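Just below is one structure, and these are the notes that go with it.
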Amino acid sequence: MKASVITQVGKPFTVVDMEIADPIGAEVAFDVKASGLCHTDLHFATTDFGHQMPALFGHEIAGVVTAIGPDVTTIAVGDHVVACLVQFCGKCVKCLSGKTYECQHPEAVMRKEDQPPRITLDGQPVNQVMGVGGFAEKALMHENQLAVVNKDIPFAQASLIGCAVVTGAGSAIHAAKVAVGDSVAIIGTGGVGLNTISGARLAGARRIIAIDIDDEKLEAARKFGATDVVNSKTVDPIEAVRELTGGGVDHAFEVIGMAMTQKQAVEMCGMGGQAYFIGLAKPGTTIELDTSLQALLDQKGVHGVLMGSVNLKADIPMYADFYVQGRLVLDDLVTQEIALSEINEAYEALTKGGIIRSVITSF
Numbered sequence: 001m002k003a004s005v006i007t008q009v010g011k012p013f014t015v016v017d018m019e020i021a022d023p024i025g026a027e028v029a030f031d032v033k034a035s036g037l038c039h040t041d042l043h044f045a046t047t048d049f050g051h052q053m054p055a056l057f058g059h060e061i062a063g064v065v066t067a068i069g070p071d072v073t074t075i076a077v078g079d080h081v082v083a084c085l086v087q088f089c090g091k092c093v094k095c096l097s098g099k100t101y102e103c104q105h106p107e108a109v110m111r112k113e114d115q116p117p118r119i120t121l122d123g124q125p126v127n128q129v130m131g132v133g134g135f136a137e138k139a140l141m142h143e144n145q146l147a148v149v150n151k152d153i154p155f156a157q158a159s160l161i162g163c164a165v166v167t168g169a170g171s172a173i174h175a176a177k178v179a180v181g182d183s184v185a186i187i188g189t190g191g192v193g194l195n196t197i198s199g200a201r202l203a204g205a206r207r208i209i210a211i212d213i214d215d216e217k218l219e220a221a222r223k224f225g226a227t228d229v230v231n232s233k234t235v236d237p238i239e240a241v242r243e244l245t246g247g248g249v250d251h252a253f254e255v256i257g258m259a260m261t262q263k264q265a266v267e268m269c270g271m272g273g274q275a276y277f278i279g280l281a282k283p284g285t286t287i288e289l290d291t292s293l294q295a296l297l298d299q300k301g302v303h304g305v306l307m308g309s310v311n312l313k314a315d316i317p318m319y320a321d322f323y324v325q326g327r328l329v330l331d332d333l334v335t336q337e338i339a340l341s342e343i344n345e346a347y348e349a350l351t352k353g354g355i356i357r358s359v360i361t362s363f
């Protein structure tokens, strides 16, 4: 199969021919029909998080199942599936309590050391990052990282559900448990931020404030449900949020991964408000918070959120149905459809702004 890999941190993506194994156990093989370019993959490819090289990135993928292993019970050949980077064993206490995103044995979905690798390049194993490896024509994954979805949803839109949608909407619906009438602020209106807005709208938030430095993205945020927009390049976002809400929001979501905006999220919360860190910050990132008497009086909280606290088997099909029913905006997330060979140019365009998501649909 053709695939685009990274051979060294900071080096460009390169298209190569790889070998992919047949499914064993609870594995599922499928043809990749769409693969979204999430900023997290670029972050991993350019920052040393310890990933072994060569590495096959790409974790927002959708496709059609072509073969299954003998132990697969929830997926059949011909199904349309969406992948998710959350790895869960399905047997530990966390999984059995419904918190699959806190699984104690995520390694259970990967092949063991004494088994042949799933993907090889010139006979050598390739790191299938987060168990997905979606920048390729084909994929081979454990069934626990896949959800079957409505066949009426286009592949490009479906692929984004596995990360951008579940992370954003899930952060509002599951992690924050936004309630009818609540006020929320979202810092960063990229793919995940826009879906956080969608989640807050679906949950019934009364006021949804989108914050960014890009007016085009802020205008897009209105389509997803933002009631107010704030350009933090021209005004103080903390003061703007306090003025709009009369003191601060119930929930503030930071979707960028920067110390400055993380601190802003905490400070724009009202009494009893909660700040949620969704964006991936660089290793070693820290913020300072006032922990004096005022902190006790404010009763604020700070939470890290992983993948929107998703239960992928239930949530991904639900969001796909929401799209088909016209209740979830996804079309406006897909800025452009590209070829596998255009990853480097698409990521360069993403860093310059104006792009929400590029999706590979030509392999």
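The sequence shown begins at 1 in the UniProt record's numbering and counts up one residue at a time.
Ideal placement from N, C-alpha and C gives every residue a C-beta, glycine not left out.
As the structure is a prediction and not an experimental result, all values here were calculated from the model.
**Request:** Can you tell me which of 222, 141, 117, 175 puts its alpha carbon nearest to the alpha carbon of residue 278?
**Result:** Nearest C-alpha to residue 278: 175.
**Request:** Please determine if the stretch 9-18 and the stretch 45-55 are in contact, where contact requires at least 3 C-beta pairs separated by less than 8 Å.
**Result:** They touch, by the three-pair rule.
**Prompt:** Considering only C-alpha positions, which residue in the set 217, 258, 251, 188 is nearest to residue 207?
**Reply:** For residue 207, the nearest C-alpha among the options comes from 251.
**Request:** Identify which residue in 34, 41, 81 has its Cα closest to the Cα of residue 151.
**Result:** Closest option to residue 151, Cα to Cα, is 81.
**For residue 214, the three-state DSSP class (helix, strand or coil)** = Here residue 214 sits in coil by DSSP.
**Message:** Just verifying my parser: in three-state terms, what is the DSSP assignment at residue 292?
**Reply:** When secondary structure is reduced to three states using DSSP, residue 292 falls in the coil class, being assigned neither helix nor strand.
**Request:** Pull up the distance between the alpha-carbon of residue 338 and that of residue 314, whole angstroms please.
**Result:** If I take the Cα positions, the gap works out to 30 Å.
**Prompt:** Leaving out five residues before and five after residue 223 in sequence, what residues of the same chain have Cβ atoms less than 8 Å from its Cβ?
**Reply:** Here the set comprises 329, 332.
**Item:** Nearest-angstrom beta carbon gap, residue 200 and residue 178 [assumed within contact, 8 Å]
**Value:** Sure, about 5 Å apart at Cβ, within 8 Å.
**Request:** Report the rounded CA-to-CA distance for residue 142 versus residue 153, giving the unit in angstroms.
**Result:** Going by the C-alpha atoms only, they are around 23 Å apart.
**Asked** DSSP on residue 32, reduced to helix/strand/coil?
**Response** Annotated three-state conformation of residue 32 is strand, per DSSP.
**Prompt:** Is it buried or exposed for residue 162, if we count other Cβ within 10 angstroms and need 16 for buried?
**Reply:** Counting of Cβ neighbours within 10 angstroms places residue 162 among the buried residues, the total reaching 16 or more.
**Prompt:** Can you tell me where the alpha helix (DSSP H) with residue 170 in it begins and where it stops?
**Reply:** Element bounds for residue 170: 166-170.
**Asked** Does DSSP classify residue 159 as helix, strand or coil?
**Response** Assignment of residue 159 by DSSP, reduced to helix, strand and coil, places it in the helix class.
**Member of 246, 355, 248, 215 whose CA lies at the smallest distance from the CA of residue 232** = If we check each option's Cα against that of residue 232, 215 comes out closest.
**Request:** Look up residue 125 in the DSSP assignment and give the residues it is bridged to.
**Result:** Answer is 120, bridged to residue 125.
**Item:** Proximal residues to residue 75 (C-beta, below 7 Å), its chain only, five neighbours per side dropped
**Value:** Contacts found: 28, 65, 68, 81, 143, 146, 148.
**Message:** By the DSSP assignment, the beta strand (DSSP E) with residue 242 in it spans what residues?
**Reply:** In the DSSP assignment, residue 242 falls outside any beta strand (DSSP E) and lies within the alpha helix (DSSP H) extending over 237-245.
**Request:** Report yes if the C-beta distance between residue 370 and residue 209 is below 7 Å; otherwise report no.
**Result:** Here the chain comprises residues numbered 1 to 363, so residue 370 is not present and cannot be evaluated.
**Request:** Find the nearest neighbour of residue 138 within the set 50, 188, 39, 35, judged by alpha-carbon distance.
**Result:** Checking every option, the nearest Cα to that of residue 138 belongs to 35.
**Message:** Mapping the DSSP letters down to three states, classify residue 110 as helix, strand or coil.
**Reply:** Residue 110 carries a coil assignment under DSSP once its states are collapsed to helix, strand and coil.
**Local conformation of residue 279 per DSSP, three classes** = It is coil, neither helix nor strand.
**Item:** Secondary structure of residue 138, DSSP reduced to three states
**Value:** Strand at residue 138.
**Prompt:** Based on the DSSP output, what are the partners of residue 362 in its beta bridges?
**Reply:** Under DSSP, residue 362 shares a beta bridge with 339.
**Item:** CB-CB length for residue 109 against residue 131, believed under 8 Å
**Value:** That belief holds up - the Cβ atoms of residue 109 and residue 131 are roughly 6 Å apart, short of 8 Å.
**Request:** Buried or exposed for residue 292, please, with buried defined as at least 16 other CB atoms from any protein chain shown within 10 angstroms of its CB.
**Result:** Residue environment analysis places residue 292 among the exposed positions, since fewer than 16 neighbouring C-beta atoms fall within 10 angstroms of its C-beta.
**Request:** Under 7 Å Cβ to Cβ from residue 229, same chain only, skipping five residues before and after it: list those, please.
**Result:** For residue 229, where only same-chain residues beyond five positions count, the Cβ hits under 7 Å are 210, 218, 221, 222.
**Item:** Cutoff 7 Å; reference residue 159; Cβ partners in own chain excluding five residues on either side
**Value:** Cβ within range, chain order: 34, 35, 36, 60, 61, 62, 82, 359.
**Item:** Helix, strand or coil at residue 79 according to DSSP, with G and I counted as helix
**Value:** Three-state DSSP puts residue 79 in coil, outside helix and strand.
**Asked** In the DSSP assignment, what residue or residues form a beta bridge with residue 269?
**Response** In the DSSP output, where bridge partners are listed per residue, residue 269 has 249.
**Nearest to residue 23 (by Cα), restricted to the options 77, 2, 13** = Nearest to residue 23 by C-alpha distance, out of 77, 2, 13, is 77.
**Residue nearest to residue 117 in terms of C-alpha spacing, selected from 170, 86, 18** = Residue 117 has its Cα closest to that of 18, out of 170, 86, 18.
**Asked** Under the DSSP definition of a beta bridge, which residues are partnered with residue 357?
**Response** In the DSSP assignment, the residues bridged to residue 357 are 334.
**Asked** Alpha carbon to alpha carbon, what distance is there between residue 20 and residue 41?
**Response** For the pair residue 41 and residue 20, the Cα-to-Cα distance works out to about 21 Å.
**Asked** Alpha carbon to alpha carbon, what distance is there between residue 341 and residue 326?
**Response** Here the alpha carbon of residue 326 sits roughly 33 Å from the alpha carbon of residue 341.
**Request:** Tell me, please, which residues DSSP counts as bridged to residue 14.
**Result:** In the DSSP secondary-structure assignment, residue 14 is bridged to 5.
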